[in-house]
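Read through the structure below, which is laid out as structure tokens, and then see the notes.
There are 2 protein chains.
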Amino acid sequence: MPVGDEDSQRRIDAMIAALRAAGLRLTHQRLEVTREIAASDEHPGVERVFRAVRVRVPTISLDTVYRTLATLADLGLVSRVTATPGPVRYDANRAPHHHFVCTRCGLIRDVENHVLDELPVPVSAEALGRVESVEVQLLGVCGDCQRKEAEHV
Amino acid sequence: MPVGDEDSQRRIDAMIAALRAAGLRLTHQRLEVTREIAASDEHPGVERVFRAVRVRVPTISLDTVYRTLATLADLGLVSRVTATPGPVRYDANRAPHHHFVCTRCGLIRDVENHVLDELPVPVSAEALGRVESVEVQLLGVCGDCQRKEAEHV
DNA sequence: GTCTCTGCAAAGTTTTTGCAGTCCC
DNA sequence: GGGACTGCAAAAACTTTGCAGAGAC
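Chains as they are written, first to last, in my numbering: chain A, 5 to 157; chain B, 5 to 157.
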């Protein structure tokens, strides 16, 4: 299911304006990658965007798609769905709990909270499938990284 | 901060019992990897567990740690922190929203829900750092995968 | 003794980087 | 024309796999 045309167009316009504002060039490749990600609500990976864009721009390379999506993410125009970058990490805590994740250094800490443990499952989610667990991620900047940022100002 | 001794010991006992129940062998390497992950609340990656265990078992190899953690995860004794396996995926939806994630096929769908948008940030999380956003992941099995499971029964 | 598990090595995946040419501004 | 961007290729980072020997039961 693609995003509605008007939403998609609004996204594209905002992204192009932001690219321009950042002083970045509006190359053919960048525009097509931007169009593709803006028009999708399937949370595609790099490979998938690459295949879709290649239909219209047969000479585009996979690493350009990598670089373009990274650029859009740096500008805050798209987000990475997986909160923690890098290798897989494991957790031996089997009790229901949630995570604080530092987006700077990747620190992850358990957060226990009964309100979060008992969240109602939205009806719109039940329509998609059987929900087996609910995990809350609190994304932010940990104490250490805040201190480092303060030092560098 | 390590897990309390009594919690850690309880986890280790439960994991060893489960390994035995599954008919798996309690090798020196498996026991040490199990001890290491049970004693940590830092959500370590494979590399980190490897380095820690190598102090006690100098001959252990990295791929044994990979295999052992995968085994523990398959038995449900530990969990992978990053919900979506495989490559990074991107999302152009900048409005606050949440995700339904199919743990079988990796399908991700946006879920909009105002209750989830306005969750209170637990005090215990504020002690860890500045929380910038709250994301809820609803993990489960999507309609397609449920249908496939039903066919194979 | 049997059969699983381990260590080694090699390969597979995903992502990043260096460089020379291209093309936006 | 200048400088950022692209495509290519190679490398780096992460993970999986095949095989022969070692060790748990």
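Cβ coordinates follow ideal geometry from the N, Cα and C atoms, glycine included.
Taking CB atoms only, Val57 (chain B) has no neighbour in chain A less than 7 Å away.
Restricted to the stretch 83-133 of chain A, the alpha helix (DSSP H) segments that are unbroken, complete and at least 4 residues in length are 118-121 and 127-130, listed in chain order.
Within the stretch 46-73 of chain B, the complete alpha helix (DSSP H) runs of at least 4 residues fall at 50-60. A distance below 7 Å between beta-carbons, with the five flanking residues on each side excluded, links Thr31 (chain B) to no residue of its chain. Val138 (chain A) sits away from Leu111 (chain B), with the two beta carbons spaced by 7 Å or more. The beta carbon of Cys109 (chain B) sits no closer than 7 Å to any beta carbon of chain A. Its Cα nearest to that of His118 (chain A), the residue B:Val127 stands out among B:Glu116, B:Asp148 and B:Val127. By the CB criterion at 7 Å, Ala42 (chain B) and Ala99 (chain A) fall outside the cutoff.
Taking the CA atoms as reference points, Leu120 (chain B) sits about 36 Å from Asp67 (chain A). Relative to the Cα of His101 (chain A), the nearest Cα in the group B:Val140, B:Thr75, B:Asp17 and B:Leu28 belongs to B:Val140.
By alpha-carbon distance to Arg39 (chain A), the top candidate from A:Val69, A:Ser65 and A:Val145 is A:Val69. Straight through space, the alpha carbons of Arg113 (chain B) and Gly27 (chain B) are spaced by roughly 38 Å.
At least one C-beta of chain B is nearer than 7 Å to the C-beta of Asp95 (chain A). Taking a C-beta distance under 7 Å as the contact criterion, Thr86 (chain B) and Val92 (chain A) qualify as a contact pair. One alpha carbon belongs to Arg134 (chain B), the other to Val145 (chain A), and they sit about 5 Å apart.
Among the CB atoms of chain B, one or more fall inside 7 Å of the CB of Val85 (chain A).
With distances taken between CA atoms, Val82 (chain A) lies nearest to A:Ala22 out of A:Ile64, A:Phe54, A:His156 and A:Ala22. The Cβ of Phe104 (chain A) sits closer than 7 Å to at least one Cβ of chain B. Under the three-state reduction of DSSP, Gly147 (chain B) is assigned to helix.
Secondary structure at Val7 (chain A): coil, using DSSP grouped into helix, strand and coil. Under DSSP, the beta-bridge partners assigned to Leu142 (chain B) are A:Val138 and B:Phe104. By the Cβ-count criterion, Thr72 (chain A) is buried, with 16 or more other Cβ atoms from all chains shown falling within 10 Å of its own Cβ.
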